[in-house]
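>
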Ligand SMILES: NC(=O)c1ccc[n+]([C@@H]2O[C@H](COP(=O)([O-])OP(=O)(O)OC[C@H]3O[C@@H](n4cnc5c(N)ncnc54)[C@H](OP(=O)(O)O)[C@@H]3O)[C@@H](O)[C@H]2O)c1
């Protein structure tokens, strides 16, 4: 594919991920020759302000999407299952949903780790947001010290549930401050002034699907099918950027300083680890940043010199979705 003047389609262009896809392409000077913004009949015909100017939203059709060179899909998994293979007959499809992530013939890509896979495919899966953010921090540690076990606990923002999730949090906060009832339609319970240890559906093993995605997808991205990874995923009342507390047991002995030295050089990572200056990863700082912040690095009390604790914060609409997707597109034309 020529790297110039590409016809790019964004399906789901009015959603939380779609809006960021447009911003990231513009900010990274992605070679967009023509941009078509697709959505459902709810938004078709409306105009939206973008960094590329005022654009009219087009009603999605497979025929029109197939005419693009690259199509970013930012709709549901069911939508992707139905339409991605058809669109991929004409365009390179980069899908943000979970529909194809575990298919053997579909690469699941975090460009810092396995970007080389982007050149061969017609359909590429973008990983789960929590997984992508953790992977950027864990991969350099895996290469340097070998990961033996990984335990993740997450603190996930409302926008992980898209624009409706953000709206419900804002409305809930306003209602709560007025002493009114806080409604819960997007989330299983009121999110404002609460934390909810439940994201996606419960599985037979007691984990949620969001938690199992971290296990399944990390193994696939790392090419480590037996890596023990366990996660507890929790929704918290922040608007944007997921944080994660991560404990690892390592094959080789490791000191916090050795881990910091590795992470300081790692692509996509910003080391923020000066507790004495009150500097550590936080959503308020990591929001709208491309890099994933990593800090609070210390020797884990249980695994001793073969274990680490760390805290990460990454903008899940960027590295967990739009940025990673555009990086995949960049890798595909490099
Ligand atoms: N939010 C995150 O942090 C995040 C991170 C990683 C991956 N993802 C995944 O990315 C995808 C999009 O998530 P989101 O958070 O951006 O959701 P969202 O804010 O709810 O946006 C959904 C988008 O899909 C469009 N859409 C819905 N039905 C459609 C149809 N039949 N035809 C065409 N467009 C349709 C909507 O357009 P209308 O304006 O017409 O309704 C809207 O633009 C999901 O698969 C999600 O799991 C999300």
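In this note's numbering, the protein residues as written are 3 to 336. By construction, the Cβ of each residue, glycine as well, lies at the ideal position given by its N, Cα and C atoms. Bear in mind that the values here come from a model prediction, so they are computed numbers and not experimental data.
#1: Given 7 Å as the limit, tell me if residue 193 has its C-beta closer than that to any heavy atom belonging to ligand 1.
#2: Helix, strand or coil: which one does DSSP assign to residue 97?
#3: Keeping to the same chain, check which residues put their C-beta closer than 7 Å to that of residue 195; ignore five residues upstream and five downstream.
#4: Where residue 47 and residue 74 are concerned, what is the direct C-alpha to C-alpha distance, given to the nearest angstrom?
#5: Helix, strand or coil: which one does DSSP assign to residue 55?
#6: Counting pairs of Cβ atoms below 8 Å between the segment 247-254 and the segment 272-290, do you hit three or more?
#7: If I'm right that residue 318 touches residue 135 with Cβ under 8 Å, what's the distance once you round it to whole angstroms?
#8: Along the chain, where does the alpha helix (DSSP H) that runs through residue 131 open and close?
#9: If we count the other Cβ atoms within 10 Å of its Cβ and call it buried at 16 or more, is residue 64 buried or exposed?
#10: Could you pull out every residue in the same chain whose Cβ sits closer than 6 Å to the Cβ of residue 26, ignoring the five residues on either side in sequence?
#11: Just checking, does the segment 31-43 make contact with the segment 100-118 on the three C-beta pairs under 8 Å criterion?
#12: CB-CB under 6 Å to residue 119, same chain, minus the five flanking residues each way: which ones, in chain order?
#13: What number of angstroms, rounded off, separates the C-alpha of residue 174 from the C-alpha of residue 241?
#14: Does at least one heavy atom of ligand 1 sit under 7 Å from the Cβ of residue 256?
#15: How would you label residue 205, buried or exposed, when you count the other beta carbons within 10 angstroms and need 16 or more for buried?
#16: What residue ranges within the segment 203-288 form continuous beta strand (DSSP E) runs of no fewer than 3 residues, ordered along the chain?
#17: Using only alpha-carbon positions, find the residue among 137, 220, 113 that is nearest to residue 126.
#18: Answer with buried or exposed for residue 286, where buried requires no fewer than 16 other C-beta atoms within 10 angstroms of its C-beta.
#19: For residue 304, count the other beta carbons within 10 Å of its own beta carbon; 16 or more makes it buried, fewer makes it exposed. Which is it?
#20: For a quick check, are the C-beta atoms of residue 72 and residue 10 less than 8 Å apart?
#21: Distance check for residue 80 and residue 93, CA to CA, integer angstroms please.
#22: Does the beta carbon of residue 161 fall short of 7 Å from some heavy atom of ligand 1?
#23: For residue 313, which beta-bridge partners are listed by DSSP?
#24: Ignore the nearest five residues each way along the sequence and tell me which others in residue 188's own chain have a CB closer than 6 Å to its CB.
If we stick to the structure as given:
#1: no
#2: strand
#3: 178, 239
#4: 20 Å
#5: strand
#6: no
#7: 6 Å
#8: 131-147
#9: exposed
#10: 324, 325, 328
#11: no
#12: 109, 111
#13: 12 Å
#14: no
#15: exposed
#16: 231-234, 244-252, 271-273
#17: 113
#18: exposed
#19: exposed
#20: yes
#21: 19 Å
#22: yes
#23: 247, 297
#24: 163, 166, 167, 170
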